[in-house]
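> Before I ask anything, let me first share the structure, which is written out below as structure tokens.
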Amino acid sequence: MKFFVYHTPELVPTESSPDCAIVIDVLRATTTIAAALDCGAEAVQAFGSIEQLLQQSEEWPIEKRLRAGERGGKQVEGCDLGNSPLDCTPERMGGKRLFISTTNGTRALQRVENAPTVITSALTNRKAVVQYLQQKQPETVWLVGSGWEGEFSLEDTVCAGAIALPFWQELGDEIIGNDEVVAAIALYTQWQDKLLELFHRASHGQRLLRLNNLEDLKYCARVDLLDVLPIQREKGVLVKY
Ligand code: 3SL
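Going left to right, the sequence shown walks through residues 15 to 255 as our numbering numbers them.
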């Protein structure tokens, strides 16, 4: 197995594809996706634009759908939810499809949607992702951070490091596909016991704090909380593995 870390979707190579792409948006899209599927959502369908989301979700029975839209950290008008994992409860999600569009996370998903295997990771479901990789042993693995509008995000890279670390501990440098993997592992190693503190320093963490989302930050910092693996079944549609 060789790991490659890309800090933003813009840095992902366009001329090649990995055996397995892992999309990461710790604050908060992939944390919300994991929470929704864990709470019994039938599927999560991701969209780059709110217009597309509204249009396509119209075709779905109203009692079987939820629309989550976020821009700039805030809920989009016309949607049922924003992008908080704390809004995911079994009562709300059970048996429904969550149609979601977020500023960066859903765009990152689109960037790698053609890979043969696409999964999403947050810190909350990191262990499930590691176990899947240990089982399947894909030759090339891309860990793709969503960043913020093309910029690096500490929280996504720290999660990439959390995923790569156990493989590096077992197999050593042979798993390192690019320098970013070494940096991600170093970041996680330094901050693993104070992830919430790291989120307070992260620019998007600060944005969410200004919007009164401290509880979201606390939730997103909980490592290995959920045993759920979101995997792409068809383009843009993620289901529980
Ligand atoms: O950028 C994204 O896709 C979102 O996860 C941002 S937010 O955390 O909902 O503000």
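Even for Gly, the Cβ is constructed at its ideal location relative to N, Cα and C.
Near Leu123, which residues of its chain fall below 6 angstroms by C-beta distance, leaving aside the five closest residues on each side in sequence?
Indexing the sequence shown from 1 puts residue 123 at position 109. Within the same chain, Leu123 has close Cβ partners Val37 and Ala60.
> Of all the beta strand (DSSP E) runs that stay within the bounds of the stretch 89-134, which reach a length of 3 or more residues?
You should have 111-115.
> For Lys232, which three-state DSSP category applies?
By 1-based counting over the sequence shown, the position of residue 232 is 218. Looking at Lys232 - three-state DSSP - the assignment turns out to be helix.
> Taking just the CA atoms, how far does Leu240 sit from Ser115?
What you label residue 115 is simply residue 101 of the sequence shown in a count that begins at 1. What you label residue 240 is simply residue 226 of the sequence shown in a count that begins at 1. About 22 angstroms.
> Check each candidate in Asn97, Pro23, Gln66 and Gly92 and name the one with the smallest Cα separation from Ala48.
As a working mapping, residue 48 is identified with position 34 in the sequence shown. The residue with the shortest Cα to Cα distance from Ala48 is Asn97.
> What residues match up with Ile36 in a beta bridge as DSSP calls it?
Your numbering for residue 36 matches position 22 in the sequence shown. In DSSP, Ile36 forms a bridge with Ile133 and Leu157.
> Taking the beta strand (DSSP E) that Tyr20 belongs to, which residues open and close that run?
Indexing the sequence shown from 1 puts residue 20 at position 6. That run of the beta strand (DSSP E) goes Lys16 to Tyr20.
> DSSP has Leu212 in a bridge; who is on the other side?
Locating residue 212 in the sequence shown gives position 198, counting from the first residue. Paired residues: none, contrary to the question.
> Do Ile133 and Ile64 count as a contact pair if the criterion is CB distance below 8 angstroms?
The residue you call residue 64 lines up with position 50 of the sequence shown. The residue you call residue 133 lines up with position 119 of the sequence shown. Going by C-beta atoms, Ile64 is not nearer than 8 angstroms to Ile133.
> If you compare alpha carbons, which of Glu29, Val19, Leu112 and Leu179 is closest to Trp74?
Sequence index remark: in the sequence shown, residue 74 carries index 60 (1-based). Selected option, being the one with the closest Cα: Leu112.
> Could one say the Cβ of His21 lies closer than 8 angstroms to chain B's Cβ atoms, at least one of them?
Among the chains of the structure shown, chain B does not appear; only one protein chain is present.
> If the criterion is Cβ atoms closer than 8 angstroms, does the pair Leu157 and Ala174 meet it?
Translated into the one-based positions of the sequence shown, residue 157 becomes position 143. Translated into the one-based positions of the sequence shown, residue 174 becomes position 160. Contact: yes.
> Below 8 angstroms on the Cβ atoms is my contact criterion, and I expect Ser160 with Ala43 to pass it. Report the Cβ-Cβ distance as a whole number of Å.
Taking the first residue of the sequence shown as 1, we reach residue 160 at position 146. Taking the first residue of the sequence shown as 1, we reach residue 43 at position 29. About 7 angstroms; that satisfies the 8 angstroms criterion.
> Nearest to Ser167 by alpha carbon, out of Glu77, Arg247, Val242 and Glu194?
Within the sequence shown, residue 167 is the residue found at index 153, counting from 1. Ser167 has its Cα closest to that of Glu194, out of Glu77, Arg247, Val242 and Glu194.
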